[in-house]
Structure formats: structure tokens, C-alpha cells
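Colleague: Position one of the sequence shown corresponds to residue 14 (this note's numbering), numbered consecutively onward.
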Amino acid sequence: MLLPLCKVRTTLLELSYMKLDTLITIIRTHHVTSMIVILFYMYIIFTKRFEKSSEPRSSKYKLKLPKTPHLTLYEKDIKNRQIFIIGDVHGCLEELEDLLVLANYESDKILLIFVGDLVNKGPHSVQTLRKVRELNAYAVRGNHEEIALVQYMTWWNGEVVTPRKCSWTTELNEDEVDFLQELPYTIEIPSKNALIVHGGIVPGVSLENQNLTHFISMRSLQTIGEKLIASPRTFIGKPWASFWSGPRHVYFGHDAARSLQQYPYATGLDTRCLYGGFISGIFLDSNKILQIRAKLVHQKPKIKTE
Ligand SMILES: [Mn+2]
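#1: What three-state label does DSSP hand residue 306 in the structure shown?
#2: Which residues, in chain order, sit with a beta-carbon under 5 Å away from any heavy atom of ligand 1?
#3: Counting only runs of 3+ residues fully inside the segment 263-301, write out the beta strand (DSSP E) ranges in chain order.
#4: Does DSSP put residue 236 in a helix, in a strand, or in coil?
#5: Measure the C-alpha to C-alpha separation of residue 78 and residue 261 and round it to an integer number of angstroms.
#6: If you check the beta carbons only, do residue 112 and residue 200 fall under 9 Å apart?
#7: Is the Cβ-Cβ distance between residue 71 and residue 156 less than 9 Å?
#8: Can you pull the DSSP bridge partners for residue 173?
#9: With 16 as the cutoff for other CB atoms within 10 Å, does residue 275 come out buried or exposed?
#10: Under a three-way DSSP split, which group does residue 164 fall into?
#11: Please report the distance separating the alpha-carbon of residue 153 from that of residue 265.
#12: Just to confirm, are residue 283 and residue 100 a CB contact at a threshold of 9 Å?
#13: Pick from 76, 124 and 84: whose alpha carbon is nearest that of residue 98?
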């Protein structure tokens, strides 16, 4: 006896939720369908397992996971200091130094956190990295920290570092490579209700289940049916931050084309210093934003900026 296809599908879906003893009873009384039921039951179990184990645990750059992918800062780390979050630097060291002067930076009064992309494309990558380490600042990893690590390993393995933007990586010492390798994807500060990431976060997905590439590369979200699809492109869908409704306030970078972004629960701080714009920082307690204009156009702007 043949059932209509849609009815078979519905029946099989109902069966997949049954308890094992009910299933055994059905198999005993319906010998003809027993094999199909067993196969479908096994299929459901295996696909569920496969879904769980196939979460990508590296980004598209295939680097090993840092020891702490999601860092949380507590009062013992903050030590009653103000928190100042700084946008993409891209080696613009002079502008960074001016911003610290403007913020009246003192190490016992202000804790610095960078949103990533400290390096590449700009004039002083290795010096910027050394400055950030001297300042005992925190930073999340950007796509350019991952690109730099890949290029460093290429050079280490005896191959030429091809992109000129990464030639500085040959100056890195072992500690600096470790520092880059251990940069977390996110930094969370529960006492300030704040979360820092370079690219973005897909709403409705826990940090542990996000695709790591999205943390460093996403700029936009597209609605397809009821799903939100992340994209690294600017001119597709809408800014990811416009979909974000908390509860954490997210501070991020990476989107030079959109420059300063201010949403109720998200603030974008890549204000195009590299392209002749500004370097920006924000004090968490007061929401006060400070900016320094770029000394010059370090690189000509492109429509697609990574
Ligand atoms: Mn970036």
C-alpha cells in the first residue's frame, strides 16, 4: 500500500520524536515499514550528532584557537579604573599617541581596550603592537591580526611574505607572535554590560556557537526568510549592529566605510584613520567619544575595505 509522499514525511517526523518502546511496538506490528523507520531513526540521531561536531573551531584563516577565545574582565582586572575603548589603529601610531594625550591617559586611572586591527596597511604596524603591549592594554583579534599571523608563519616556513602590508611581520619576536596568537575573539565586561568584538555578532546565537570568521569579518546581515545571514560586505543587507538588541552593549570596529556607528546597544569605532579620517575612543562610563584627525591619508580609500 502506497501512502502520499507528504503523509509519509509527516508520519516519519512524528515517529522521530517517539519513545523507543513505542517504536518497538510499531516495528513488531508493522513489519513492512520497520526497516524504513529504523533507518530514519538512525538518520535523525546521526545528523544531530554531526551538526554538533561540525561547529568550525577556527576562522577562515585556519589558525589554532587561542587558550581563551572569550575573555571576561572582572574588578580584579579593572582595578577601579575608567575603561577607554579604541577603534581600529592599522599602524597609525602617531594618531594613537595623540589620542592617549587627549584622553589624559595614566595607567593607574584608565584601562585601554582595542577593538582589533592594530596592524597592517598603515605606517607603523610593529611599533603600534609594541606600544599596545607596553601599555598593558587588552585587545580582541581583528582579521588583520589573523592575516599577519598567517603571513608570519609563511615566512617562518621559508617562503616569501608576499603582501607588502605584511612585510613587517618578519620583525616580530616570539613573545609578540604569542601575544597575537592568544588575542581573544571577544572580551566581556559584565560589570559594565559591555562586549568587545572586531567584526560583529549574529543575534540569537551564543558566543560559543558563533562562526569564528563572523567575529573578525562580518559587517552586514541580510534577512532571508526568517534567517539572518552574515556577510563581510558593506553594501549588502543592513549593518549587523542595527539588528542587535542587547542585552550587552557591543563595541566593535572593522567597518571603515560606515565609520562611526551609534545604535542603542552597539557602537562602531572604525572611523577611517588609515584613510585620512579619525582615530576614535570612547569612555565606557560617560559614553564620551574622543577623536584625533589622521595626520595624512595613509592609504587611498577603497569601496571594499578589509
Ligand atoms: Mn578589520
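From the three backbone atoms N, C-alpha and C, an ideal C-beta is built for every residue, glycine too.
None of the values given here were measured: they were computed from a predicted structure.
Modeller: In this structure, then:
#1: strand
#2: 130, 155, 156 and 267
#3: 274-276, 279-281 and 291-296
#4: strand
#5: 24 Å
#6: no
#7: no
#8: BP columns for residue 173 are empty, so no partner.
#9: exposed
#10: helix
#11: 10 Å
#12: yes
#13: 124
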